[in-house]
Amino acid sequence: MINWKYPIRAVTLVLLGFVLPGLTFTGQAMADSCWNHNGSLMRLQAQGNQRWLSYEVPKPGLRNAGVQRGTLLFNGAKNGNWYSGTARVFSKYCPGSPLEYFVEGPVRGDQLQVTVTGTREVFNKCRPTGRYTTDTLVFTYSHQC
Numbered sequence: 058m059i060n061w062k063y064p065i066r067a068v069t070l071v072l073l074g075f076v077l078p079g080l081t082f083t084g085q086a087m088a089d090s091c092w093n094h095n096g097s098l099m100r101l102q103a104q105g106n107q108r109w110l111s112y113e114v115p116k117p118g119l120r121n122a123g124v125q126r127g128t129l130l131f132n133g134a135k136n137g138n139w140y141s142g143t144a145r146v147f148s149k150y151c152p153g154s155p156l157e158y159f160v161e162g163p164v165r166g167d168q169l170q171v172t173v174t175g176t177r178e179v180f181n182k183c184r185p186t187g188r189y190t191t192d193t194l195v196f197t198y199s200h201q202c
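Heads up: the sequence shown begins at 58 in the numbering used here, then just goes up one per residue.
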């Protein structure tokens with residue numbers, strides 16, 4: 058005779074394990090750490106090779122540009138010791154409309170610093186100027202969030 062009470066509980070526990078926040082269907086945990094960037098505290102979230110860097114505590118000057126906790130600065134992927142993806146630049150003249158551009162660069166050997174670089178068009182009060190500049194974004198590990 059089969060006691061259905063126990064198999065149902067076992068199945069329920071397994072299913073709950075796959076729907077808990079921070080887990081993927083493959084059972085990989087989602088990484089979550091805090092990093093310093095240009096006077097702001099950032100939150101790095103990772104799932105598989107995907108990466109997201111968002112503002113945890115933006116420096117005061119960014120609030121005028123519409124940046125707040127949770128605003129996404131970078132999304133992309135980590136392949137080996139290399140990040141590539143989309144970065145954003147914010148302006149007080151265009152709050153809520155960041156300029157997106159491609160960036161890429163290395164992860165330091167000790168995994169405690171990421172430096173990405175990209176070229177973007179320079180805007181003057183939300184208008185393109187036809188000039189370009191190269192931005193370098195440096196993220197240095199701070200602590201587990």
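We treat Cβ as the ideally placed atom computed from N, Cα and C, and that holds for glycine.
- Per DSSP, the beta-bridge partners of residue 89 are 102.
- Leaving aside the five residues that flank residue 179 on each side, the residues in its chain whose CB is nearer than 7 Å to its CB run, in chain order, 186, 188, 189, 190.
- Check the Cα spacing between residue 136 and each of 146, 155, 104: the tightest is with 104.
- Residue 130 places its beta carbon less than 8 Å from that of residue 111.
- If you check the CB distance, residue 145 and residue 161 do not come in under 8 Å.
- Here DSSP, grouped into helix, strand and coil, assigns residue 121 to helix.
- The C-alpha of residue 88 is placed about 9 Å away from the C-alpha of residue 201.
- A Cβ-Cβ contact shorter than 8 Å links residue 142 with residue 108.
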